[in-house]
Amino acid sequence: MDLFQWLTETPAGEFLFTMLVSMVPVIELRGGIPFGMAQGLEPVAAFFASIIGNMIPVPFIVVYIRRIFHWMRRHMPRLNRLVDKLEAKAHLKGATVTKYKYLGLCIFVAIPLPGTGAWTGALVAAFLDMPLRKALPSIFLGVIIAGIVVTLVSTGVFAFLPI
43 MDLFQWLTET PAGEFLFTML VSMVPVIELR GGIPFGMAQG LEPVAAFFAS
93 IIGNMIPVPF IVVYIRRIFH WMRRHMPRLN RLVDKLEAKA HLKGATVTKY
143 KYLGLCIFVA IPLPGTGAWT GALVAAFLDM PLRKALPSIF LGVIIAGIVV
193 TLVSTGVFAF LPI
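Residue numbers (my numbering): 43 to 205.
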């Protein structure tokens, strides 16, 4: 059995694959939960795999992203526009979070829409100089709330609503 078969045909592999997909920026758990369920995971397993995968990069982003951006500016000037864009996004989103601090960060992460989520929340926390020990619980709670919403939508719980 090769690696791809293991990732797609065994419960442990499907769980790990879902975690890996949920670690990807933009996709995060909003794509990870439906992906895991499509792979064959039960909704609860897809939920937990996605939360774990989505949260793994968060502490590293909060603690190291400013240093990484600084290093990129010095050693990879071609990427300055990308760094500028990411910093501008963090500052723009940070304006909303600043007013409500950690509650605002939680709500921002919890909204399952493009441009929100754990990656952007961690980026905002880093640029607002929020300490990891205070930002991490807010981001984690937001990820759980978003995970519940996405799981309910993915299982069709809201199918009865006339939208």
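Where is the CB? At the ideal position from N, CA and C, for every residue including glycine. Given the structure is predicted, the values throughout are model-derived calculations rather than measurements.
In or out: residue i buried (at least 16 other Cβ within 10 Å) or exposed?
i: W161; result: buried
i: N96; result: buried
i: F89; result: buried
i: G157; result: exposed
i: L147; result: buried
i: T193; result: buried
i: F46; result: exposed
i: P67; result: exposed
i: M65; result: buried
Less than 9 angstroms between the beta carbons of residue i and residue j, yes or no?
i: V104; j: K135; result: no
i: T52; j: I75; result: no
i: V185; j: L71; result: yes
i: L174; j: P85; result: no
i: A91; j: G78; result: yes
i: A164; j: I107; result: yes
i: M172; j: K143; result: yes
i: V125; j: P154; result: no
With residue i and residue j assumed to form a contact (beta carbons below 8 angstroms), what rounded beta-carbon distance in angstroms separates them?
i: A152; j: I187; result: 4 angstroms
i: V139; j: L170; result: 7 angstroms
i: R115; j: N122; result: 6 angstroms
Could you tell me which of the options sits nearest to residue i, measuring between CA atoms?
i: L83; options: A54, I190, I69; result: A54
i: A132; options: G159, M43, V191, E56; result: G159
i: R109; options: V63, S180, E129; result: E129
i: A168; options: F111, S64, L155, R116; result: F111
i: I181; options: L124, I149, I190; result: I149
i: T197; options: A80, A137, R120, F57; result: A80
Any Cβ of chain C within less than 9 angstroms of the Cβ of residue i?
i: W113; result: Going by chain labels, chain C is absent from the structure shown, which holds only one protein chain.
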